[in-house]
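Here's the structure we're looking at; comments come further down.
Numbering (my numbering), first residue to last: 696 to 1018.
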């Protein structure tokens, strides 16, 4: 029996699954992505996660036919590695393809940007999916997987869709983890919302009970205080502004029929994240307004897309499923 593995390497969490030829999950593993331990530690965590998923499936790594990987970027697809990831502390280079090939004793290992894996999942598992659609993740970072005229846009180096690094306010007060100023990700990603709340508090002196200087202060605290704290409401209004402008940029660039949104920030707060965008977008675009919807695949979307890639020789094309 053929079996496939899928890996979702995120900035915060790492997932691996093993499936049969029908895509049914036989075993899975989830763990935290190592921080401040170097890129090789992240590679080892990926290998350990695949091993654990195989063990849970009652199989061994060498019985895996192919592996798909959906990963944070930026990618060096020629080297099969992540180079200088913005949201993983202490990791300058994370080798992936070569080590996983050695683990499973197969050349059939396919590496994608995580958002590209997400759009592969949206199209592969749907009964019907538009040829023009975007999967947008709003999580530790922000990125997009783009399909135009039925073709996935990967770019020559695998880094198409790094939409989170579009500068929405190049003279603004926020700095992205990549060092750029005013990037969408710097305002609206889960990693950066706490700092943006502090900046707005300092600049506008909005009343708040949010624990801005506490070690555990995070984006969830801002969303949890919606409707009860003036600063939280101010932050969420500005996030709606920047998200709407970022999504308008996607619409003008790619003209999607549908934008499916995932990532922890959106999945945990769909009304506060998506509803304001739906209200504002018609006034921001000069073309057709796409459907904005929450992905139905939840936290599993990237790993499901990775499996779809493994099953189809990296393409996501159902006609190339290897049974």
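Even for Gly, the Cβ is constructed at its ideal location relative to N, Cα and C.
Continuous beta strand (DSSP E) stretch holding residue i: start and end
i            : result
residue 842  : 837 to 843
residue 860  : Careful: residue 860 lies outside any beta strand (DSSP E) and carries neither H nor E.
residue 788  : 788 to 790
residue 829  : 828 to 833
residue 987  : 986 to 989
residue 1011 : Careful: residue 1011 lies outside any beta strand (DSSP E) and carries neither H nor E.
residue 704  : 699 to 704
residue 803  : Premise fails: residue 803 is in no beta strand (DSSP E) and is neither H nor E.
residue 776  : 776 to 778
Spatial neighbours of residue i in its chain, beta-carbon cut-off 6 Å, leaving aside the 5 residues before and after
i           : result
residue 826 : 844 and 845
residue 997 : 703, 765, 809, 812 and 813
residue 724 : 711, 744, 747 and 748
residue 871 : 878, 880 and 881
Whole-Å CB distance - residue i paired with residue j, under 8 Å assumed
i           : j           : result
residue 963 : residue 886 : So it is not a contact: roughly 14 Å between Cβ atoms.
residue 888 : residue 869 : The pair is not a contact, with the Cβ atoms about 10 Å apart (cut-off 8 Å).
residue 999 : residue 701 : 7 Å
residue 854 : residue 768 : 6 Å
residue 773 : residue 780 : The pair is not a contact, with the Cβ atoms about 17 Å apart (cut-off 8 Å).
Endpoints, the alpha helix (DSSP H) within which residue i is located
i            : result
residue 811  : 809 to 819
residue 767  : It is not in any alpha helix (DSSP H) - residue 767 carries neither H nor E in the DSSP assignment.
residue 1000 : 996 to 1006
Sequence-distant residues of the same chain with beta carbon closer than 8 Å to residue i, five excluded per side
i           : result
residue 858 : 831, 837, 838, 839, 879, 941, 944 and 945
residue 742 : 794, 795 and 798
residue 875 : 860, 862 and 881
residue 750 : 722
Contact set for residue i: own chain, Cβ-Cβ below 7 Å, skip 5 residues either direction
i           : result
residue 967 : 918, 921 and 931
residue 791 : 738, 741, 764, 766, 775, 776, 777 and 806
residue 993 : 962
residue 969 : 956, 961, 987 and 989
residue 715 : 696, 698 and 721
residue 973 : 987
residue 729 : 736, 737 and 740
residue 754 : 698 and 713
**Request:** Taking 8 Å as the threshold, find out whether the region 751 to 762 comes into contact with the region 1002 to 1010 through three or more Cβ pairs.
**Result:** Counting Cβ pairs under 8 Å, three or more are found: they touch.
**3 or more residues per run - each beta strand (DSSP E) lying fully within the region 917 to 976** = If we require 3 residues or more, the beta strand (DSSP E) runs fully inside the region 917 to 976 come out as 953 to 957.
**Request:** Return the chain-ordered ranges of every alpha helix (DSSP H) run that is complete within the region 714 to 763 and spans a minimum of 4 residues.
**Result:** Segments of the alpha helix (DSSP H) lying fully in the region 714 to 763: 734 to 751.
**Item:** Segment contact, 8 Å Cβ cut-off, at least three pairs: the region 829 to 844 with the region 945 to 957
**Value:** With the rule of 3 Cβ pairs closer than 8 Å, the region 829 to 844 counts as touching the region 945 to 957.
**Prompt:** Taking contact to mean at least 3 C-beta pairs separated by less than 8 Å, is the region 894 to 904 in contact with the region 916 to 930?
**Reply:** Segments in contact, yes.
**Request:** Would you be able to state if there are at least three C-beta pairs under 8 Å between the region 847 to 866 and the region 875 to 890?
**Result:** Judged by Cβ distances under 8 Å, the region 875 to 890 makes contact with the region 847 to 866, as three or more pairs qualify.
**Item:** Runs of alpha helix (DSSP H) wholly within the region 864 to 911 (minimum 4 residues, chain order)
**Value:** The qualifying runs are 879 to 883 and 888 to 899.
**Prompt:** Does the region 796 to 804 come close enough to the region 979 to 994 that 3 or more CB-CB pairs lie under 8 Å?
**Reply:** Counting Cβ pairs under 8 Å, fewer than three are found: no touch.
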